[in-house]
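Numbering (my numbering), first residue to last: -4 to 111.
Presented below is the structure to which this report refers.
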């Protein structure tokens, strides 16, 4: 069955770094655009970063540009989110999202907490 399993979340101090991973299985990963969303406490889910199926184009939420980097390894069916210079406002549950035409899948989420 389809699975998106996020890992790498945790508690980090302001200014620190984390690397999230999302391991995919059960579908043809290389066909899917991949994204990272996040949902801060008490707020709606928002798009953080996205990458095309081949990895040649990326997009970022303005507030994370220059700090976060999305990448993928199609040989490993994995997408990554490198997060540097973390701020308390980056605290959220981070979700992996796969999309291809009208098909999409969500991961279960991983908690990222940034202390000041």
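In this text, a Cβ means the ideal position worked out from N, Cα and C, and glycines have one as well.
Just the C-alpha distance for residue i and residue j, rounded to the nearest angstrom, thanks.
i: residue 97; j: residue 86; result: 30 Å
i: residue 10; j: residue 79; result: 7 Å
i: residue 111; j: residue 82; result: 7 Å
i: residue 41; j: residue 25; result: 24 Å
i: residue 6; j: residue 12; result: 10 Å
Spatial neighbours of residue i within its chain, please: C-beta separation below 7 Å, excluding the five flanking residues on both sides.
i: residue 47; result: 28
Are residue i and residue j touching if we call contact CB-CB under 8 Å?
i: residue 89; j: residue 107; result: yes
i: residue 16; j: residue 2; result: yes
i: residue 20; j: residue 72; result: yes
Exposed or buried, residue i, counting other C-beta atoms within 10 Å across all chains shown (16 or more means buried)?
i: residue 8; result: exposed
i: residue 102; result: buried
i: residue 44; result: buried
i: residue 49; result: exposed
i: residue 99; result: exposed
In chain order, what residues of the same chain lie with their CB nearer than 6 Å to the CB of residue i, ignoring the 5 residues before and after it?
i: residue 66; result: 75
i: residue 22; result: -3
i: residue 64; result: 77
For the ligand MN, any of its heavy atoms closer than 7 Å to the Cβ of residue i?
i: residue 72; result: No copy of the ligand MN occurs in the structure displayed, which carries no ligand at all.
Q | beta strand (DSSP E) runs wholly inside the stretch 63 to 108, at least 3 long, in chain order | A | 63 to 68, 73 to 78, 87 to 95, 98 to 101
**Q.** Completely contained beta strand (DSSP E) runs for the stretch 15 to 68, where each covers 3 or more residues
**A.** 28 to 34, 41 to 46, 53 to 55, 63 to 68
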